Each structure stands twice: as structure tokens, then as C-alpha cells.
Amino acid sequence: MTKILACPFKWRLFGVVRRRVLVWKRLVFVIAIGAISSCGVIDRGKNFISSEKVWPKVKKEASKYGLDPAFVYAICHAESSLNANAETSVARGMMQLTEGAWKDVTDKSYRLAFNWETNVEVGTGYLGKLKEMLGNANVFNYPRLAASYRYGYGALRKQGFLVSKMKTPKNRIYRKIFAGEIRPVKTPSD
């Protein structure tokens, strides 16, 4: 008979301990999620920069490379809708630069890709480099520049620099640029 009384007591004690362990596990889980999200591992969130801030920076950087600033501005919109925290599995920032493209242009840390001003500087520098490469091949035009930015210079060269042979982009802005409209996005000065 004593065994019967002892057994329920042990099970009640086990239940209390089990509940405490579950409470601690939940607390640790909540703290871990909070820590991870504050580091930006889960979701950096959207950080849209106003057109009025981006446009002057784009004009300044585009002039360094002889690029049409409205074209560069359109690329910023096509890549991220001016979201400084845009991120895919391979690209970061407003102009969605890959680490390889970033390192082709600058020695700055790729961690700076989420700084929109640095991203525009490096992204425009990369467009300038692609423009020079296309110019050296005597095939420069803005649709080809957009195609080489979107798919890579090598991919465009493999197709004989024919934009029409490239995969049609889903992005409306890129489709317009590929079709020859180099200013498909209204700029703040328009």
C-alpha cells in the first residue's frame, strides 16, 4: 500500500520538475530568438531610402564613370526598390552586389554592402567597369550593360553580346531596359 502512495507522489514531483524545465526551455528559446533577430540573422527588415536621398548620390557616382544617372537609378529600383537591406542568398544591398562583383571594384569589406551609400558607390563602380569592358569589345550600349550587370559579362559574351538571346527577366524595369528604354523609372528631378 505504501508503494501506491509513493508512486503518485513521485509522479507529481516529476510533473513539477518537468514543467519547470519546459518553462526554462521556453525562456531560453525566446532569448535566443531575440538575440538572433537583433543581430540580423533572421530578418534585417526593410530599410527603404527615399528617392530624394538616393538621387543626388546616384548622380554624383554616375558622373565619375560617364554613366546616365537615370539608368543607374533604374538599376537601383530594379534590384531592390531602394531597400538598403535587400538580401538574397548571393547578393546584398540596394544594388544587389555579389561578393565577387564587390571585390572586383573595391577593397572595402563586403559587410559594408548594407550601407546604401557605399553600395551605390561600389555598384556604380561595377557598372563603370562593365561599361569599360563592353567598350573594349566595341559593343557598349545600355541594354548590354544592364544584361551584363544582371547575368554577368561572360554570359552575355557567350551569347555574342545579343541581349535578345539572354533569358527574359521577370522584373519589369529590366525588361524595359533590355528593350532599349534606358530611363524606365521616373527620377525625382523629372
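Read in order, the letters of the sequence shown are residues 0 to 189 in numbering that gives the first Met the number 0.
Where is the CB? At the ideal position from N, CA and C, for every residue including glycine.
Since we're looking at a predicted model, the values are computed, not measured.
Asked	Found
Where asparagine 137 falls, given that 16 or more other Cβ within 10 Å makes a residue buried	exposed
According to DSSP, residues forming a beta bridge with leucine 96	Arg91
Leucine 81, buried or exposed, once every other Cβ within 10 Å from all chains shown has been counted against 16	buried
Tyrosine 148, enclosing alpha helix (DSSP H) - first and last residue	141-150
Sufficient close CB pairs (3 or more, under 8 Å) joining the stretch 89-96 to the stretch 104-112	yes
Where threonine 186 falls: helix, strand or coil (DSSP)	coil
Local Cβ density within 10 Å of leucine 133, reported as buried at 16 or more and exposed below that	buried
Of the listed residues Arg174, His76, Asn46, Lys58, nearest to serine 188 (C-alpha basis)	Lys58
Residue(s) in a DSSP beta bridge with glutamate 86	Arg91
As assigned by DSSP and simplified to three states, the class of phenylalanine 177	helix
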